[in-house]
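Residues in the sequence shown are numbered from 16 upward in steps of one, following our numbering.
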Amino acid sequence: MHIGIDLGTTNSLIVVFRDGKPEPIPNALGAVLTPSVVAIKDGSLIVGDTAREVSQAQPAMAAALFKRVMGTERRYKLGREEFGAPLRAMRFWAARTLQRRWPAISPRNRGRM
C-alpha cells in the first residue's frame with residue numbers, strides 16, 4: 016500500500032494508492048481537503064476547519080500559510096505558547112486520519128505491512 020500526503024499552502028490531502036489509482040481519504044468531517052491551519056482551542060492543538068474557524072474569531076490563537084517557512088527558525092506564538100513552523104501538527108493530523116481509516120497503518124505497524 017502506498018500513501019501520498021500533499022501538505023499544501025492552503026489545503027492538505029491524503030490519498031492511498033489502490034490498483035494504481037489514488038483514493039482520497041476523508042478527514043473526520045468527511046471532507047477530502049483539510050485546511051492547512053493550526054490553532055489552540057481549549058488547551059489542545061487542532062487543525063483543519065475547526066482551526067480555521069478559530070483563526071477568524073481569535074487570530075492570535077491560529078497560524079496558516081506556514082508551509083513556506085517550514086525548516087526555518089520562524090516561530091509562531093499561539094496564545095501563550097510558541098511553536099516552530101507547525102509541521103508537527105499537520106503530521107499529527109495525517110497520522111490520525113490514516114489510523115482512523117486503516118488502523119493497520121498505525122506507527123506501531125508501519126514496517127509490518
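All residues carry an ideal CB built from backbone N, CA and C; glycine is no exception.
CA-to-CA distance, residue 28 to residue 95, given in whole angstroms: Near 29 Å, if we compare the C-alpha coordinates of residue 28 and residue 95.
So, do the segment 34-49 and the segment 68-88 have three or more beta carbon pairs nearer to each other than 8 Å? With a cut-off of 8 Å, the segment 68-88 and the segment 34-49 do not count as touching, because too few Cβ pairs lie within range.
Less than 7 Å between C-beta atoms, sequence neighbours within five positions excluded: which residues of the same chain meet that for residue 99? 90.
Can you grab the Cα-Cα spacing for the pair residue 30 / residue 92, in whole Å? Rounded to the nearest angstrom, the two C-alpha atoms are 31 Å apart.
With residue 68 as the anchor, note down where its alpha helix (DSSP H) starts and where it stops. DSSP places residue 68 in the uninterrupted alpha helix (DSSP H) bounded by 64-72.
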